[in-house]
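The next block holds one structure in the form of structure tokens; read it before the comments.
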Amino acid sequence: MRGVSCHFRHVTTVLRLARNDLETRHLRSSEHDMSTRGANPLNASTLIYSSRFFLEALRTYLMDVATISLLALLVTIVVSCTIRLHVGFLAIALAWLVGLYAGIDANQVMAGFPTRLFLTLAGVTLLFSQAQANGTLDRIARRAVLYCRGNAGVIPMMFFALAFVLASIGPGNIAATAIIAPMAMAVAGQVRIPAFLVAIMVGNGANAGSLSPIAPTGIIVNGIMADVGLAGFEWHNYLNNMVAHTVIAFGAYFLLGGMKLIRRRHSEEIEVPGNPDTEAANDWSFDRNHYVTMGVIFALIVGVIFFGINIGMGAFMGAILLSLFKVGDELKAVNLIPWRVIMMVCGVTVLISLLDETGGLALFTQLLAGMSTPDSVTAVIAFSTGFISIYSSTSGVVLPAMLPTVPGLANLLGGVEPIAIASAMNVGGHLVDVSALSTLGALCMAAAPKTEDPRALFNKLMAWGLSMTIVGAAYCYLLFTVLEIGIQ
Numbered sequence: 070m071r072g073v074s075c076h077f078r079h080v081t082t083v084l085r086l087a088r089n090d091l092e093t094r095h096l097r098s099s100e101h102d103m104s105t106r107g108a109n110p111l112n113a114s115t116l117i118y119s120s121r122f123f124l125e126a127l128r129t130y131l132m133d134v135a136t137i138s139l140l141a142l143l144v145t146i147v148v149s150c151t152i153r154l155h156v157g158f159l160a161i162a163l164a165w166l167v168g169l170y171a172g173i174d175a176n177q178v179m180a181g182f183p184t185r186l187f188l189t190l191a192g193v194t195l196l197f198s199q200a201q202a203n204g205t206l207d208r209i210a211r212r213a214v215l216y217c218r219g220n221a222g223v224i225p226m227m228f229f230a231l232a233f234v235l236a237s238i239g240p241g242n243i244a245a246t247a248i249i250a251p252m253a254m255a256v257a258g259q260v261r262i263p264a265f266l267v268a269i270m271v272g273n274g275a276n277a278g279s280l281s282p283i284a285p286t287g288i289i290v291n292g293i294m295a296d297v298g299l300a301g302f303e304w305h306n307y308l309n310n311m312v313a314h315t316v317i318a319f320g321a322y323f324l325l326g327g328m329k330l331i332r333r334r335h336s337e338e339i340e341v342p343g344n345p346d347t348e349a350a351n352d353w354s355f356d357r358n359h360y361v362t363m364g365v366i367f368a369l370i371v372g373v374i375f376f377g378i379n380i381g382m383g384a385f386m387g388a389i390l391l392s393l394f395k396v397g398d399e400l401k402a403v404n405l406i407p408w409r410v411i412m413m414v415c416g417v418t419v420l421i422s423l424l425d426e427t428g429g430l431a432l433f434t435q436l437l438a439g440m441s442t443p444d445s446v447t448a449v450i451a452f453s454t455g456f457i458s459i460y461s462s463t464s465g466v467v468l469p470a471m472l473p474t475v476p477g478l479a480n481l482l483g484g485v486e487p488i489a490i491a492s493a494m495n496v497g498g499h500l501v502d503v504s505a506l507s508t509l510g511a512l513c514m515a516a517a518p519k520t521e522d523p524r525a526l527f528n529k530l531m532a533w534g535l536s537m538t539i540v541g542a543a544y545c546y547l548l549f550t551v552l553e554i555g556i557q
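Note that the numbering used here has the sequence shown beginning at 70, numbered continuously upward.
Okay, here's the thing in structure tokens:
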């Protein structure tokens, strides 16, 4: 109570000083005006001076700018977990308010908008939205499933591989799941494969490829890491995440009866649903449009990996070529671009940039360091990132907020490789993303066969996501701290 009383007296003193200052300035201004032009109302310079005094006094006695900016980030994370509100727009609005409080010009706040990241994400998603709109990706997936020839044990593995490949070559984990989940669940219902197992295989397969250097989430992660001085770890990020999801997925496969499925065959013909626009014609053969689309995608991948072509600009060029050759539906592709996710990432990045400028990021790093030791940091970070990711967007909110702390965290703790901490964030955040509350889990649940109990499937996926916080922490501790694998 004494502390609260003391703080209240500080506030009272501040307000009294501001009031006295305002009255003094007003009196001087009035005397001057009366001596020259007669009585005059309170002039603009007095108001500006006094408002600046108020802000300076509040910053001094109430709360420092670093704490305020960190609280803004906390509000953003909490809102992303609890309220259906666009977090990117909220983050931009909060960044402006914090800028006002800190005396930072609005133009300086807007300078934190990640233009390069925005263009890269827009270009890549535009190209692969065209490939999705013209049926190319659906045909690739359907052909692969038919090659399983009724082997019930191979089908879940094929769905994992399909989701992994599609996510890796550019569409990303959400688009890959949206393509694979409907056909995977339809086939699971026909072959009597548990929907829970199929959801785990599809979701983990998509996440295994999510950090590909040419996938949207990979672009986000690599861009943020490059901005904080951790460039050159693109393949570390991709491979560490891929191995983690592969181990977890196939561990679940055998725990949930995969061996029994291997010994069982489905003799009846399997119907594989796909894109409704092409399914009506019942034509799943590849034509000129699909070959041109695959050729453009292949050229982009080769150009990025072997010739250092900028992925965003290359994707825009590929998308324009498809439009010029009348191969892709540009309008439909634009509607398929995940604008909500892109603006979520960019908005949060604006707020993070302001945190870096106001000292809030350094304060956040100190708080994380206070919860960890050099030996426990990978486990603590993986658990924390995973737990928040259950309720919030991994690529849109959690990783943009956490990854900028990596260099400072490594310096404060000492003896820890920055890539080990970054990998713990990436792996821990993604392993929980097959929970019922995640986009991937929701896509799988929405496509589940009617014979499946939706409440039971929801509970299983929810339990899976929560358990992955512990599993992810243990995995990251073992791999990145004890064995030091994937961080050299």
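Where a beta carbon is used, it is the ideal one built from N, C-alpha and C, also for glycine. Every value quoted in this text rests on a predicted model; they were computed, and no experiment measured them.
Proximity winner among the options, relative to residue i (alpha-carbon distances)
i    : options                : result
A221 : L330, T434, L552, P487 : L330
V410 : G397, L420, S237, V466 : V466
L390 : I366, I380, N176, V419 : I366
P282 : N273, A275, G292, L140 : G292
G278 : A268, A479, Y307, L299 : Y307
G484 : T550, L195, R332, G320 : T550
L142 : L432, G534, L526       : L432
G258 : S507, E521, I380, Q557 : E521
V316 : P443, N273, L280, L552 : N273
A236 : M226, P225, F197       : F197
A532 : S507, A516, K519       : S507
I209 : F187, P225, A232, A191 : A232
V167 : L186, S149, A191, L140 : L140
I539 : L552, T454, A515, F527 : T454
G67  : F265, N309, G301, V297 : An answer regarding residue 67 cannot be provided, because it is not within the stretch 70 to 557 covered by the chain.
A511 : M132, T246, G439       : T246
L436 : L482, S462, M412, L400 : L482
Unbroken alpha helix (DSSP H) run spanning residue i, endpoints
i    : result
D502 : Note, D502: premise wrong, no alpha helix (DSSP H); not H, not E.
F302 : Looking at the DSSP string, F302 is not in any alpha helix (DSSP H), and its letter there is neither H nor E.
G510 : 508-516
A277 : 264-277
V147 : 134-151
E399 : 399-405
C35  : Because the chain is modelled from 70 through 557, residue 35 falls outside the range shown and cannot be assessed.
N480 : 475-482
N358 : 357-376
E426 : 408-427
K529 : 523-545
F182 : It is not in any alpha helix (DSSP H) - F182 carries neither H nor E in the DSSP assignment.
Outcome for residue i when other beta-carbon atoms lying within 10 angstroms are tallied against a minimum of 16
i    : result
D207 : buried
A350 : The predicted model places A350 with a pLDDT of 44, which falls under 50 and marks its position as unreliable, so this point remains unresolved.
W304 : exposed
Y216 : exposed
A388 : buried
E426 : buried
C545 : buried
P183 : buried
P487 : buried
M382 : exposed
L472 : buried
Y360 : exposed
N480 : exposed
V371 : exposed
V73  : For V73, the predicted structure reports a pLDDT of 36, less than 50, and the residue's modelled location is therefore unreliable. A value from the coordinates is still provided. Exposed: under 16 other Cβ atoms inside 10 Å.
L393 : exposed
Whether residue i touches residue j by CB criterion (8 Å)
i    : j    : result
I248 : Q201 : yes
F229 : M254 : no
T286 : G239 : no
V419 : V178 : yes
L574 : A505 : Because the chain in this structure spans residues 70 to 557, residue 574 falls outside the shown range and cannot be described.
I406 : P469 : no
A275 : L500 : no
V417 : A160 : yes
L535 : I459 : yes
T194 : T362 : no
V503 : A268 : yes
V396 : N358 : yes
I289 : L186 : yes
A542 : A250 : no
M514 : P523 : yes
S138 : G429 : yes
V234 : P476 : no
Minimum Cβ-Cβ distance from residue i to chain C less than 8 Å
i    : result
K519 : Considering every chain present, this structure includes no chain C. It has just one protein chain.
Integer Cβ distance of residue i from residue j, believed to fall under 8 Å
i    : j    : result
A313 : V496 : 5 Å
L423 : G181 : 6 Å
I374 : T189 : So it is not a contact: roughly 16 Å between Cβ atoms.
D398 : N203 : 7 Å
Cβ-heavy atom distance, residue i to the ligand HEM, below 7 Å
i    : result
L231 : The ligand HEM is absent from the structure shown, which contains no ligands of any kind.
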